[in-house]
Amino acid sequence: MDFEPGSATVADTGAGAVGADQVVMASSLSWAPAGDNRRMASHSAGLLLYRAAADPGGFEVLLVHPGGPFWARKDAGAWSIPKGEYEAAEDPLAAARREFGEETGSPAPEGTEIDLGEAVQRGGKVVRAFALRGDLDAAAVVSNTFEMVWPPKSGQVREFPEVDRAEWFTAADAADKLNPAQAVFLDRLAETLG
Numbered sequence: 001m002d003f004e005p006g007s008a009t010v011a012d013t014g015a016g017a018v019g020a021d022q023v024v025m026a027s028s029l030s031w032a033p034a035g036d037n038r039r040m041a042s043h044s045a046g047l048l049l050y051r052a053a054a055d056p057g058g059f060e061v062l063l064v065h066p067g068g069p070f071w072a073r074k075d076a077g078a079w080s081i082p083k084g085e086y087e088a089a090e091d092p093l094a095a096a097r098r099e100f101g102e103e104t105g106s107p108a109p110e111g112t113e114i115d116l117g118e119a120v121q122r123g124g125k126v127v128r129a130f131a132l133r134g135d136l137d138a139a140a141v142v143s144n145t146f147e148m149v150w151p152p153k154s155g156q157v158r159e160f161p162e163v164d165r166a167e168w169f170t171a172a173d174a175a176d177k178l179n180p181a182q183a184v185f186l187d188r189l190a191e192t193l194g
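Using my numbering, read the sequence shown as starting at 1 and increasing by one per residue.
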């Protein structure tokens, strides 16, 4: 799970050759024209695990809820696909599989991934998603952790899980739970599954 930075702009999220008039702002950031001092968006990749639902033709997806005190009382619009940031030189699918393992405590199932493309979140983060058919015991999810000073200005460093819970949702329920920018991945998966 990665946390949304402040506002950012994406100068160019397309692929292509790097010209002399471009510079890399940081290894996991987008390309920007030389001299462009705008803050650049980071890139995340994640896996949207799905399985058949009870209703014919329907599907359920596995979503994760971010851990830590800022997210403790947030629900609608706070959930996410298991995802995390990756470096510019890293393969997005490999990063998505790695992040799935870090956030769920289980390796991603084997299978054929469906590339669901990209979506840009409100703060400018570019999220690349891949769907994968599989199953996982949501109650058994144990993620990696992070440290932060809490309460603020207390000087006390506390450890929190990046993901505090996971749950299976129908596509309709997931649309209400997901970060609004990520809901497009549900539509793309539904179109692909037909």
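Ideal Cβ placement from N, Cα and C applies to all residues, glycine included.
Asked	Found
Own chain residues within Cβ distance below 6 Å of G68, not counting five before or after	F160
DSSP three-state assignment for L178, whether helix, strand or coil	strand
Proximal residues to L47 (C-beta, below 7 Å), its chain only, five neighbours per side dropped	I81, P82, A96, R97, F100, A108, F130, L132
7 Å Cβ cutoff met for A174 and V61	yes
Sequence-distant residues of the same chain with beta carbon closer than 6 Å to S150, five excluded per side	Looking at the sequence itself, residue 150 is Trp, so the reference to Ser does not match. These residues qualify, in order along the chain: P69, R158.
E99: first and last residue of the uninterrupted alpha helix (DSSP H) it sits in	92-104
Cβ pair F185, L116 closer than 7 Å	yes
Where the beta strand (DSSP E) through V149 begins and ends	145-149
Spatial neighbours of A181 in its chain, beta-carbon cut-off 6 Å, leaving aside the 5 residues before and after	A119, Q121
Delimiting residues of the alpha helix (DSSP H) encompassing D187	183-193
Reference W168, options R128, A140, E147, W71, closest by Cα	A140
Short Cβ contact (7 Å threshold) for V126 with A41	yes
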